[in-house]
Amino acid sequence: MTVVQVVRSEWTKIRSVASTVWTLSLAVVVTVALGMLISALTDREFGRLGPADRLSFDPTLISFAGMSLGQLAMIVFGVLVVSNEYSTGMIRTSLAAVPRRGTFLLGKIAPATALALLVSLATAFAAFFLGQAMLDEHGTSIGEPGVLRAVIGGGLYMTLIAVFSMGVAAMLRFPMLSLGTLMPFFFLISGVLGNVPATEKVGRFLPDQAGRRIMQVVPPAGDDTPYGPWGGLGIMALWVLAALVGGYVLLRRRDA
Amino acid sequence: MIEAVGLTKRYGAKTAVHNLSFQVRPGTVTGFLGPNGSGKSTTMRMILGLDNPTSGHVTIGGHPYRKLPNAPRQVGALLDAKAVHGGRSARSHLLCLAQLSGIPERRVDEVLGVVGLQDVARKRSKGFSLGMGQRLGIAAALLGDPQVLLFDEPVNGLDPEGILWVRNLMKSLAAEGRTVFVSSHLMSEMALTAEHLIVIGRGQLLADMSVRDFIAANSADFARARTPDAEQREKLTAALTEAGGQVLPEPDGALRVTGLPLPRISDLAHEADVRLWELSPHQASLEEAYMRMTQAAVDYRSTTDQREGLMQPLPPGVQPPMPVPGQGQPGWYAPPPPQQGGQPFAMPQPMPQATGPYGAPAAPSPGNPYAAPAPAEPATPAPAPAPAPADLTKPEDAR
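Top line first, the protein sequences correspond to chains A and B. According to my numbering, the first sequence holds residues 8 to 263 in order. According to my numbering, the second sequence holds residues 44 to 442 in order.
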């Protein structure tokens, strides 16, 4: 079957280029190290927290603090996997070899997604356990209710970020354009929309904010989010699906 | 067998390819010629299903490319040799392509050997020269051992040994009964490689015929005769015209004679008591025939560099530089038309009077024993028309 062939080829493509390997490693290192650092700092400052803050203190979420930066490396990975083809012109050779656009895109995204999932899950577990170690007696354990869900969810969240980036890159084609769209979106726009009261309710439905819900074990005080952890991840998955469908439709229509 | 029917591609207001119909048959090398920007690469991309035609269709073996079962085992293509991820080794690049098409890994090492890249197989292609990149692209085209092969400018950047190798490769592929479709700008190379020609200009078909027919239809063989002075030239012209030949004066004072065999010209000159300083046969080349046909369809024509305001005052005692004949396209001398009225294709524009400093018959050419009083050689066509400034930013296949 052709998809299997494309998957094998794509695996070779990812392996044989240093940049994809590097960005993935960077995602792991940044997420885990930053999570550990913030957990350690929180542990030292815990005595100064007010009673309300202590009530809504979420040790699981704290250990994932590095993800806000680590996800940027995942975005770069997702963008590079797709747009490397365009920036080098390899896309024409690839599409000449696999003229069916659907098969090509599926074969391209599937192995990259599998790899991202593997790395993300490992990252999430490493970030959790090392973060909890830093939090010491303020930490939690994987056996507590909702914690395992949050850790696995953290892995899924990072994976979906990468796949979303692949879909956007398939639509926009060029790496600079894709990164220039995704980086400010996740780093600035999403944060601004989520913190300004007027747009807070809209901001909630952005992919990263909806998806991040699954990493919360203790909901913040006065939480009125209209969806639960899995609902949030579902909203994010819809965004990802939309990006992939958009990428497929454009790939089919457009001249390569 | 590649078959295009009414193929048309428009980008906005610009029509890149207009109503193109042709067939590329197996067993011969078919050359695909046309000036820069005439739509060659666009046509190649449409054959490969990369660009969707605005109207019309093109099929390979009866199937549109996107519907072709197991396409890479049937069609191999070299489009752009630089379309490789520079960070990937040559072997990895071919390996991903082989895996895409379900081709076993050992075939990768085979084709690396065929193109002579086995020693650099594990080096990153970033450091490859243009010629090595071409070889890698040709290796990619050969991977699936396909029956149909497309090559866009395969000899670009190759050394003479490489050019000879590509020529023999194309011929042997065709001799095995495969369909080989090659575009090139190098006329001399095409004349040696291709048996059949498809010529387009401004996206339209200009010719679809064998190389021999193409040369015969677009240019004629002629004899060049040279006399010691103008008086004898007049006499010879009269005698030859009377005998039924066509005589065309060349700018340096020689005569182009068509319609009479060489011995007859000599006899006629003898009878008219005219001495000949030169009587030489000239075979029309593919290049001449091509230039004649595509003259009207060239989009990007170079002009003479006037260097206005840039001329440095010459230091005393220094001669101004000798102009080089052949600079600036208007100066070249068209070969004679194939007999009277036998011009089925693009009529050439009227001979422009040479006006530029390079076209003026001023410079006495040193060391030409045949042209005693006569100046300057007939200007030869500039080999490659320089692209217009607007085109410099994008490569040809980016359009």
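Just so you know, even glycine gets a beta-carbon here, dropped at the ideal spot from N, CA and C. Since we're looking at a predicted model, the values are computed, not measured.
Check this for me: beta carbons of residue i and residue j, under 8 Å apart or not?
i: V14 (chain A); j: G114 (chain A); result: yes
i: L102 (chain A); j: L122 (chain B); result: no
i: Q117 (chain B); j: P197 (chain B); result: no
i: V223 (chain B); j: V72 (chain B); result: yes
i: G174 (chain A); j: G235 (chain A); result: no
i: L193 (chain B); j: M89 (chain B); result: no
i: I82 (chain A); j: I149 (chain A); result: no
i: Q12 (chain A); j: Q142 (chain B); result: yes
i: E17 (chain A); j: A119 (chain A); result: yes
i: S215 (chain B); j: R167 (chain B); result: no
i: T27 (chain A); j: L125 (chain A); result: no
i: M233 (chain B); j: L329 (chain B); result: yes
i: F171 (chain A); j: V247 (chain A); result: yes
i: L200 (chain A); j: G210 (chain A); result: yes
i: T130 (chain A); j: V35 (chain A); result: yes
i: L240 (chain B); j: G74 (chain B); result: yes
i: V151 (chain B); j: L160 (chain B); result: no
i: M141 (chain A); j: A47 (chain A); result: yes
i: L186 (chain B); j: V154 (chain B); result: yes
i: R276 (chain B); j: S323 (chain B); result: no
i: Q216 (chain A); j: A157 (chain A); result: no
i: Y255 (chain A); j: G218 (chain A); result: no
i: P69 (chain B); j: R221 (chain B); result: yes
i: G174 (chain B); j: G145 (chain B); result: no
When DSSP labels each residue in this structure, what does residue i get in the three-state scheme?
i: P306 (chain B); result: helix
i: V290 (chain B); result: strand
i: T19 (chain A); result: helix
i: V317 (chain B); result: coil
i: V151 (chain B); result: helix
i: Q247 (chain B); result: strand
i: T347 (chain B); result: coil
i: T9 (chain A); result: helix
i: T337 (chain B); result: helix
i: V127 (chain B); result: coil
i: R180 (chain A); result: coil
i: L121 (chain B); result: strand
i: F253 (chain A); result: First, the residue type needs correcting, since residue 253 (chain A) is Gly and not Phe in the sequence shown. Residue state, collapsed to three classes: helix.
i: V14 (chain A); result: helix
i: A260 (chain B); result: helix
i: S144 (chain B); result: coil
i: A327 (chain B); result: coil
Alpha carbons only, please: which of the options is nearest the one belonging to residue i?
i: D272 (chain B); options: B:R245, B:W320, B:A250 and B:G244; result: B:W320
i: D65 (chain A); options: A:M81, A:G77, A:I45 and A:Q78; result: A:I45
i: A327 (chain B); options: B:S168, B:A268 and B:D256; result: B:D256
i: F71 (chain A); options: A:E17, A:A177, A:K20 and A:I159; result: A:I159
i: L68 (chain A); options: A:L87, A:L79, A:F84 and A:V39; result: A:V39
i: T270 (chain B); options: B:E285, B:D251, B:E293 and B:G180; result: B:E293
i: S81 (chain B); options: B:E219, B:T337, B:G352 and B:A183; result: B:T337
i: V341 (chain B); options: B:N79, B:L138 and B:L305; result: B:N79
i: S84 (chain B); options: B:R245, B:I258 and B:I103; result: B:R245
i: A47 (chain B); options: B:Y54, B:A59, B:H136 and B:L63; result: B:L63
i: A123 (chain A); options: A:D230, A:D215 and A:L33; result: A:L33
i: T97 (chain B); options: B:F171, B:A281, B:R53 and B:P115; result: B:R53
i: A259 (chain B); options: B:A266, B:H325, B:V317 and B:A332; result: B:A332
i: V254 (chain B); options: B:Y343, B:E204 and B:E238; result: B:E238
i: Q289 (chain B); options: B:G302, B:R68 and B:L279; result: B:G302
i: L41 (chain A); options: A:G229, A:S75 and A:I196; result: A:S75
i: R178 (chain B); options: B:V158, B:L111, B:V163 and B:L185; result: B:V158
i: E52 (chain A); options: A:F111, A:I98 and A:H145; result: A:H145
i: L195 (chain A); options: A:L213, A:V89 and A:L179; result: A:L213
i: M243 (chain A); options: A:D50, A:V225 and A:G161; result: A:G161
i: F265 (chain B); options: B:L305, B:A164 and B:H100; result: B:L305
i: W237 (chain A); options: A:V89, A:P226 and A:R220; result: A:R220
i: A286 (chain B); options: B:G145, B:E204 and B:I308; result: B:I308
DSSP puts residue i in a beta bridge; with which residues?
i: G73 (chain A); result: BP columns for G73 (chain A) are empty, so no partner.
i: L322 (chain B); result: B:A268
i: M252 (chain B); result: B:L240
i: I45 (chain B); result: B:V67 and B:I103
i: S457 (chain B); result: Lying outside 44 to 442, the shown extent of chain B, residue 457 (chain B) is not represented and no answer is given.
i: V300 (chain B); result: B:A266 and B:V290
**Request:** Starting from the N-terminal side, write out each stretch of the beta strand (DSSP E) that is 3 residues or longer and does not extend beyond the segment 179 to 239 of chain B.
**Result:** 191 to 195 and 222 to 226
**Request:** Could I get the ranges of all uninterrupted alpha helix (DSSP H) runs contained in the segment 94 to 176 of chain A, with 4 residues as the minimum, in chain order?
**Result:** 97 to 104 and 108 to 142
**Request:** Please specify which runs of the alpha helix (DSSP H), each continuous and at least 4 residues long, are wholly inside the segment 48 to 119 of chain B, giving them in chain order.
**Result:** 83 to 90 and 114 to 117
**Asked** Which runs of the alpha helix (DSSP H) fall wholly inside the segment 35 to 67 of chain A and span at least 4 residues, in chain order?
**Response** 58 to 62
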